[in-house]
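Chains as they are written, first to last, in this note's numbering: chain A, 2 to 688; chain B, 2 to 688.
See below for the structure under consideration.
There are 2 protein chains.
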Amino acid sequence: MNTVKSYDLCWLKYQPIKDKKIIDKYRALFTNIVLNEKSLDLKATATELKDGLDRLLGIKPYFTDTLPDSDAIILCKIGQFAYIDDFLDHHERESLNTEGFIIKLVLAGERNRIIISAKSDKGLLYGVFRFLSHLSLRGSLENLHIIENPRSELRMINHWDNLDGSIERGYAGKSIFYRNNELMRDTERITDYAKLLASVGINSIVLNNVNVHTNETELIDKKISITKKMAGIFREYGIRVFLSINYASPIQSGELNTADPCDLNVIRWWEKVIAHIYKEIPDFGGFLVKADSEHRPGPLSYGRDHAQGANMLAKILTAYNGILIWRCFVYNCRQDWRDATTDRAKAAYDIYKPFDGAFLDNVVLQIKNGPMDFQVREPVSPLLGAMPHTSQILELQITQEYTGQQIHLCYLIPQWKEIIDFDTYAKGKGSTVKKAVDGSLHRTKLNGFAAVVNVGDDFNWTGHYLAQANLYGYGRLAWNPDLSAEEITKEWIGLTFGKDVEIENVLLKMLMDSWLVYESYTSPLGLGWMITPGSHYGPNVDGYEYSPWGTYHRADHTMIGVDRTTLSGTGFTGQYFKDNKDMYECKPSCPDEFILFFHRLPYTYSLKNGTTLLQHIYDTHFEGVNKVKDIKTKWGSLRGKIDEQRFEHILARLNLQEEHAKEWCDVINSYFYRKTGIADIHGRKIY
Amino acid sequence: MNTVKSYDLCWLKYQPIKDKKIIDKYRALFTNIVLNEKSLDLKATATELKDGLDRLLGIKPYFTDTLPDSDAIILCKIGQFAYIDDFLDHHERESLNTEGFIIKLVLAGERNRIIISAKSDKGLLYGVFRFLSHLSLRGSLENLHIIENPRSELRMINHWDNLDGSIERGYAGKSIFYRNNELMRDTERITDYAKLLASVGINSIVLNNVNVHTNETELIDKKISITKKMAGIFREYGIRVFLSINYASPIQSGELNTADPCDLNVIRWWEKVIAHIYKEIPDFGGFLVKADSEHRPGPLSYGRDHAQGANMLAKILTAYNGILIWRCFVYNCRQDWRDATTDRAKAAYDIYKPFDGAFLDNVVLQIKNGPMDFQVREPVSPLLGAMPHTSQILELQITQEYTGQQIHLCYLIPQWKEIIDFDTYAKGKGSTVKKAVDGSLHRTKLNGFAAVVNVGDDFNWTGHYLAQANLYGYGRLAWNPDLSAEEITKEWIGLTFGKDVEIENVLLKMLMDSWLVYESYTSPLGLGWMITPGSHYGPNVDGYEYSPWGTYHRADHTMIGVDRTTLSGTGFTGQYFKDNKDMYECKPSCPDEFILFFHRLPYTYSLKNGTTLLQHIYDTHFEGVNKVKDIKTKWGSLRGKIDEQRFEHILARLNLQEEHAKEWCDVINSYFYRKTGIADIHGRKIY
């Protein structure tokens, strides 16, 4: 554990606690760990606790399987030892779910005991990480009493890694998993990655890109040894592995000339392949499928529907406790830009809503947060919560494809909080997205979160050092969507930079403001997409305007935006439950930040803030650049308080962000000025 | 020769002449070929004549070294046999230059003799190809008397091929030269390619991309065996090989850490390398250099100027009769789009004009036809003709980077004719570009043409079958720039599709119209650049508008175009000699087709044709699509007259062209309509 790694330790730095008083007070407590090693399936649980205490406190604890006559930590599953159960009351035991844990300080006679307990090995592991995080953050041990349960069943990470080492939409180097169509020879970093994920409660991982290419298609059969090794690494940290599959695998295998889900030979082919996977990996999670989307194969090619396509696989997986995750990112990517009636935003709802109840129990639909594609700001997908008889999980994007590509600081937790706290009104007021995806709204069998991860083999894992916070925050939110953005952020800052009031104040503000700052100079009023096709970076106001991708702002000399109302537009608003439909349908109630997503308006339209639409664009873009400068100044104030390497790295990114923000600002303002001839009322320089 | 090739024979099909009368009349004449095989350096000359006669006439001629007592063809260099010289008068002998030839029917006693003669082996080879072409085109033998001399010394082809088999800006498959960093194992196609080039008079070839990457840098040393093999193949057809070099080769070799042309070690390094090249390839042509351009290394990195950079290499090459070709495609490719004072169009003249007379005798500047980069229409580069003490060659682009990428039919001979017939006024009226580059204007030592070729390993060599005509026509024009576009085109049609009046009429019109048709729906009034960066395909009106490449139209709500006048603009017009400067400077005299290249105008500006500027854009774009439809209809009329394979291939390209033309039309018209709000007066559909 003390060898120097060739990569950052992120939020598991366990920086030494230098306050001797604390160490001395609890020295005895941290010296003995009572556990039954044999009963621990996840060996990491004990070693992580031991190493963590060593690094935090400089104490090398002993493991013992009997209660010593001294202070001690007791690390045991419920029901394992009688004397543990004595320390927990009935209510505490009952309140834990399968993966929950309890951490509790008990005074027994004159002896302090810290109980870390759970109903499962995973729970125990999460408890240990939580306890170490508590110590790292200088949490008090007085009256220590934490009971936590993860709110959702699936807390997934999706990797868009390819076997050649490339990562689709990766901005932090190459894959930490693969190189040259093989697993990395040295898997130590993968193990440390599993630990990072487990420490924030991630319990599922998809090992390969949803766009499954030739080599990756073989991860289910010819290359199963790679999958098996990965399963072995992640299993140690309580993480089940899943694979993205190519729906046309039976064809690519060379064995069949169809992938029709109703063809008996196809079914037999999958039965054989799946049986073999589970023979090799008994706890294999299942499949993630991007079917009939963006040129990927799927059941529609054979005249079958999405339910038929998914259920064929799900039925086979049932026998193995496997899950079939079906992505709802399906739309017409060959749209004619001249066609103003087709609306990509409507696609997922139109396609999937009719199949509510048609999917087998072990099928879960993975739905992107918005109806388009991870833009800086989108309304929530109307499909979320709208299928009471179908399991749904929410797909978020940690990798910053459209949010600055880890060049720009863009902390996404505030965005995600808005999304999961959004009230769908599916079952009346209070039907938030988080309730829809944690299963509590419709009591669906499966539930949870998935997110496309932002890691690569850069030293700092995430390209921009501060983008680590997005990965940390995702895990914490998936565990407990009720955590506030501020809570999560403070945790991450403390774990990553050490507890320090000044650092916390500066970074909290930088992070919490950053999404809105990024939005301000890139994508005004819900427009999105002003980027270059392919790279998805910008600015490129007309980048997608004459493309087949269904993403248009339709700006002309006098007006801009897409009318998506039921009254006069594409009717997208009609996919929402009434309260939301009414809100978006009418300009006065439609929030400014979505006004051009739902309405087509003249540049002279008066926004709720009193400025005209175009003046707002000018203002926010100029101000956005200034705000980036402010962020840089703030960061500069920490010089000397942060180690030079991290300080200079982040400063360099902020410099680049400022330069690019100016480019966004000037291009977008110039575009609209040239198009409209309407001058900035403040007379700032537009080209 | 009769084996079936895996590729088209282009204009060397030698389709059998079926008219028995002709065959019978001249049977005796074609039966005997008098030549001295030993004295023929280029063996291909004799075999080509023999095979050609066999295929055209079904006659297998005999070679003999003595004059038979019957009709005969006499194929001999001047001075080789006394009786040949008797057939040529003094004037004929004197009129031939080194690479010229004479073809002449002589009645000697009762015997017909066809004399094919020249001062050199190359001349003889060109004479044979010309004679076979004459027969293929059903030319009469009565009074046959052709004397031809190539007007320029260098008639070059530039290949932008890379050793991995890719071709920069190639639209006809992969390289016919290289694959996987090796020469193709089977070089038969390269031999046939050499034959195609020689048949139109090409005498020089650059074997690799001007953007010289890592592997290609080694063609001068570690990979010299590839260069040597290629030289051997092309030598047989009178073609000298050249290499594009990496100016930083001494550094890449690992031997030096500088490429400073004034550094003695650098000079020694090049001396050693060049000596070795000429040891292996005594007739090696020399180097082509793209220096200090688009991120390529060059002398400027070391504080040296272009003359110092070129002369260092040229001096070493002098001893070997080698040539140093220095490209003038140099400009600031990191321009800030906000900067309206810097003008890329001015760069080449500004940079090179001051060095007139500073280059050694064996240096030649290779100058692109226009000041920008092979756009559909550009004014002629003001550098052409403007350096009386410096050798210049004209660089054209056969590969259709900006002219439809061999998807669109765009026959370039009419464009090139306009360019070479353009009067620079460098030495008063009549100082045409062709005189500047054939050396007659300023009596410069070197002269000629270079062009980036359009061939790849597609069956038809050029992607679009009809694009073969551009390669053919380039060779013919470089040989004789006075040929009319119609003459060249009729030759090509006849050689490629057989002599047929209907085919000739249809294809002549299709080809001759195609450039203006392509221009009409893509790039109005000299604008250019409405394409996507990277792919260089379109339409993408703002594609380069906010880029660093120096290529802007600066369209706003009321005006468009770049003011390049001396009076109020960038001053580019001032680089022209007075007559041209005056013509471009003033709107009334500036031709419509260049009006937006030289002037910034309101959309309501009245063009010389009476319509407003914007209405002209609308009109030409709509009409352009209709013209493509007309071309398709014309082509359709040939169904049944052309073999099905070629007919359907060309039809498929025309279908694609129509589809893309509609896209160009709709996007460009919609862009301007949305930007200006000015409606089409004819009320056609704009989106």
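Don't be surprised by glycine CBs; every beta carbon is placed ideally from N, CA and C.
At the level of alpha carbons, what is the spacing between residue i and residue j?
i	j	result
Asp750(B)	Asn322(B)	Nothing about residue 750(B) can be read from this structure; chain B reaches only from 2 to 688.
Val107(A)	Leu89(A)	10 angstroms
Asn541(B)	Asp337(A)	16 angstroms
Trp12(A)	Pro298(A)	40 angstroms
Ser695(A)	Val201(A)	Residue 695(A) lies beyond the residue range present for chain A, which begins at 2 and ends at 688; the question has no answer from this structure.
Gly678(B)	Thr613(B)	14 angstroms
Gln630(B)	Val456(B)	For clarity, residue 630(B) is Lys in the given sequence; the question names Gln instead. Taking the straight line joining both Cα atoms gives about 27 angstroms.
Leu397(A)	Glu111(A)	49 angstroms
Thr425(A)	Arg444(A)	16 angstroms
Ala83(B)	Ser71(B)	18 angstroms
Gly358(B)	Ser392(B)	9 angstroms
Ser153(B)	Pro534(A)	46 angstroms
Asp501(B)	Lys642(B)	9 angstroms
Asn579(A)	Glu419(A)	The amino acid occupying residue 579(A) in the given sequence is Lys; Asn does not appear at that position. Roughly 19 angstroms separates the two Cα atoms.
Tyr674(A)	Ala556(B)	11 angstroms
Glu100(A)	Gly124(A)	4 angstroms
Ile532(B)	Asn610(A)	39 angstroms
Anything in chain B within Cβ reach of residue i, meaning under 8 angstroms, just list it in chain order.
i	result
Lys676(A)	Asp557, His558, Arg675, Lys676
Can you name the residues of chain A whose CB is closer than 7 angstroms to the CB of residue i?
i	result
Val668(B)	Tyr547
Asp362(B)	Ordered by position in chain A, no residue passes the 7 angstroms Cβ test against Asp362(B), which lies about 47 angstroms from the chain.
Taking C-beta pairs closer than 7 angstroms, name the residues in chain B that residue i reaches, listed in chain order.
i	result
Arg339(A)	Asp667, Tyr688
Asp681(A)	Ordered by position in chain B, no residue passes the 7 angstroms Cβ test against Asp681(A), which lies about 14 angstroms from the chain.
Tell me whether the beta-carbon of residue i lies closer than 8 angstroms to the beta-carbon of residue j.
i	j	result
Leu447(A)	Val365(A)	yes
Leu197(B)	Phe178(B)	no
Lys291(B)	Arg339(B)	no
Ile104(B)	Ile117(B)	yes
Val434(A)	Phe450(A)	no
Tyr412(A)	Ser254(A)	no
Leu726(B)	Ile414(B)	Because chain B here runs from 2 to 688, residue 726(B) falls outside it and cannot be looked at.
Leu126(A)	Thr46(A)	yes
Lys633(B)	Leu657(B)	no
Asn333(A)	Gly551(A)	yes
Ile494(A)	Leu639(A)	no
Which residue comes first and which comes last in the alpha helix (DSSP H) that contains residue i?
i	result
Ala199(A)	189-200
Arg56(B)	45-58
Trp417(B)	414-422
Met157(A)	Note, Met157(A): premise wrong, no alpha helix (DSSP H); beta strand (DSSP E) at 155-159.
Gln367(B)	That residue, Gln367(B), is in no alpha helix (DSSP H); its beta strand (DSSP E) goes 364-369.
Under 9 angstroms between beta-carbons, which chain B residues line up against residue i? List them in chain order, please.
i	result
Asp165(A)	Simply none; closest approach about 17 angstroms.
Asp564(A)	The premise fails here: Asp564(A) is roughly 15 angstroms from chain B at the closest Cβ pair, so nothing lies under 9 angstroms.
Name the chain A residues that come within less than 9 angstroms of residue i, Cβ to Cβ?
i	result
Asp344(B)	By Cβ distance, chain A contributes nothing, its closest Cβ being about 16 angstroms from Asp344(B), past 9 angstroms.
Over what stretch of residues does the beta strand (DSSP E) that includes residue i continue unbroken?
i	result
Asn670(B)	Note, Asn670(B): premise wrong, no beta strand (DSSP E); alpha helix (DSSP H) at 645-677.
Met513(A)	No beta strand (DSSP E) holds Met513(A); the alpha helix (DSSP H) holding it covers 502-523.
Ala451(A)	448-453
Glu487(A)	Glu487(A) -> not in any beta strand (DSSP E); alpha helix (DSSP H) instead, spanning 486-498.
contact_flag[the stretch 308-321 of chain A, the stretch 177-194 of chain A] where n(CB pairs < 8 angstroms) is 3 or more: These segments do not touch.
Check: Do three or more CB pairs link the stretch 372-381 of chain B to the stretch 395-404 of chain B at distances below 8 angstroms?
Finding: yes
Check whether the stretch 426-442 of chain B touches the stretch 676-687 of chain B, taking contact to mean three or more Cβ pairs, one atom from each stretch, closer than 8 angstroms. no
*If we count Cβ pairs, one from each stretch, closer than 8 angstroms, do we get three or more for the stretch 589-601 of chain A versus the stretch 561-574 of chain A?*
yes
- Message: Below 8 angstroms, how does it come out for the stretch 232-251 of chain B and the stretch 269-287 of chain B: are there three or more Cβ pairs, yes or no?
- Response: yes
| message | When you compare the stretch 275-284 of chain A with the stretch 144-163 of chain A, are there three or more beta-carbon pairs, one atom per stretch, that lie closer than 8 angstroms? | response | no
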